[in-house]
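Heads up, the thing below is written out as structure tokens.
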Ligand code: HEM
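In this note's numbering, the protein residues as written are 337 to 791.
Written out as structure tokens, the structure is:
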């Protein structure tokens, strides 16, 4: 691939056509797996489930992330070697550190989430007027993540001017995407605004870190555990890990290692779900019936999981609008991926040390060979019979699977449940198609302009 490809890619990014560009590049090769030389590196591209499995499950010895995230300096102005950016023993240490928070019963207790969803619903107009849900979901995610990850919410839903960390993170994430894309040419990236935003976010996180260390000291001195303002014991992510990480810089690395992949993720999933529902009134009707049939029982984690159609709707949104486009790995020793090579396209593909692997879940999730001729349609009913394996991996798979996947689906399901308890219909207020604008993942350029009809 020459400069014309580089130009076409950056042009597609600038014109918000990156998803179409992915599709066109694969179509031009006429294959689901292909290789190319790009900016001096050999690249392997695939949208085959078998290759996704191999890439995701054999990372310990053949595939790695550190060389393409930290080793080349792509993310280092913002983040060092945390759970999402290291391999080997450092990754294992980090994963073990963060795991207890995500495994905990905590997020399955919906009390804390309820406050944030109440606040979200209070911002939805009840007179049927138009609202763009995308900025509301963004502020909602900033509020829940500062609450759950750092122990104190910025409450930007009530105080929109407090959403500056979100805006700075947009600058950071956009810069990180570009830097990841530039790879060994990362030195060309000199955007002053990116470096300034990194600095402001570091200061923002350091204030939380100092407070946690201060409270740990009080705990040590008095024997009393720290509590929130409501008297409940602290149990947020930062608090869970702070006592194990006495070095503030390392603690910030572990914090950003989780905060980067949590940015603009659940909010995008929720935006996409409402976007799709607003265009499918028949799905809203069916889903609302399931929700009303649930009755006045308290909404619990297991109660939510018992609602099949709600799960189908969330799955179908993940399938059509994956928040994370690709699994990307550096190959650190010569090996092969199981399929896509040779004249038949069924032989293994050779992967040499130093090659960069890309498995494309956007194309895989929309592949008619895997999902049938209506693969491009939003049809939750397909999940009545779908038995997905490696062809449906919104959260990745294997040892590096997103540790937050249960939490994310619970949060999204709970918010949709509560919205449809309060509103009987969702109407689209524009007829713009889904147009992906890329930061680290894709979000909808046109927002989610809808009206909610009160029950
Ligand atoms: C719609 C929401 C989300 C989606 C679709 C998603 C998807 C993913 C994917 C595809 C990966 C990469 C897996 C791999 O490399 O094989 C990942 C990793 C990760 N995600 Fe998520 N994620 C979401 C939300 C979150 C949230 C809210 C958090 C934290 C609160 C989070 C924390 C992480 C972490 C720490 C990793 C790195 C895991 C590792 O490398 O061991 N994610 N996520």
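Beta carbons: idealized from backbone N, C-alpha and C, even for Gly. None of the values given here were measured: they were computed from a predicted structure.
Contact between residue 379 and residue 691 holds, with the beta-carbon distance rounding to 7 Å and staying under 8 Å. Note on geometry: alpha-carbon atoms of residue 388 and residue 726 lie some 7 Å from one another. The beta-carbon separation of residue 600 and residue 779, rounded to 6 Å, stays under the 8 Å limit for a contact.
In the DSSP assignment, the residues bridged to residue 371 are 380. Residue 400 and residue 475 have their C-alpha atoms some 33 Å from each other. For residue 673, the three-state secondary structure derived from DSSP is strand. Residue 566 counts as exposed, since fewer than 16 other beta carbons sit within 10 angstroms of its beta carbon. Here residue 700 is buried, its C-beta having at least 16 other C-beta atoms within 10 Å.
Scanning 718, 758, 695, 704 for the CA closest to the CA of residue 731 turns up 695. With a threshold of 16 other beta carbon atoms within 10 Å, residue 482 meets it and is buried.
When DSSP states are grouped into helix, strand and coil, residue 468 belongs to the strand group. In the same chain as residue 773, and ignoring 5 residues on each side of it, the C-beta atoms closer than 8 Å to its own belong to 352, 779, 780, 781, in chain order.
Looking at the backbone, the Cα of residue 681 and that of residue 363 are separated by about 14 Å. Remark: the C-beta of residue 730 is in contact range of the ligand HEM, defined as less than 7 Å to any heavy atom. For residue 617, the three-state secondary structure derived from DSSP is helix. For residue 434, the enclosing alpha helix (DSSP H) begins and ends at 424-439. Judged by DSSP secondary structure, residue 662 falls within the beta strand (DSSP E) whose first and last residues are 662-667. With a cut-off of 7 Å, the C-beta of residue 513 is classified as distant from the ligand HEM, since no heavy atom of the ligand falls inside that distance.
The beta carbon of residue 655 sits no closer than 7 Å to any heavy atom of the ligand HEM.
Contact check for residue 492 and residue 479: beta-carbon distance about 6 Å, within the 8 Å limit, so the pair qualifies. Pairing residue 615 with residue 716, the inter-Cα distance amounts to about 13 Å. Of the candidates 786, 754, 740, 751, the residue whose Cα lies closest to the Cα of residue 439 is 740. The C-beta of residue 546 has fewer than 16 other C-beta atoms within 10 Å across all chains shown, which makes the residue exposed. Counting along the chain, the unbroken beta strand (DSSP E) around residue 683 starts and ends at 683-687. If you draw a straight line from the Cα of residue 383 to the Cα of residue 656, it is about 15 Å long.
Residue burial annotation: residue 501 is buried, with at least 16 other C-beta atoms found within 10 angstroms of its C-beta. Scanning its chain for C-beta atoms nearer than 6 Å, with the 5 sequence neighbours on each side dropped, one finds around residue 520 the residues 408, in chain order. With a threshold of 7 Å, the Cβ atom of residue 385 does not count as near the ligand HEM, since no heavy atom of the ligand is closer than that. Annotated three-state conformation of residue 563 is strand, per DSSP. Residue 371 and residue 693 have their alpha carbons spaced roughly 9 Å apart. DSSP places residue 506 in the uninterrupted alpha helix (DSSP H) bounded by 500-518. Across the structure, residue 397 and residue 753 are spaced so that their CA atoms are roughly 43 Å apart.
The straight-line gap separating the alpha-carbon atoms of residue 564 and residue 436 is approximately 20 Å. Between residue 664 and residue 647, the alpha-carbon positions lie close to 28 Å from each other. With a 10 Å radius around the Cβ and a threshold of 16 neighbouring Cβ atoms, residue 347 comes out exposed.
The nearest non-hydrogen atom of the ligand HEM is 7 Å or more from the C-beta of residue 501.
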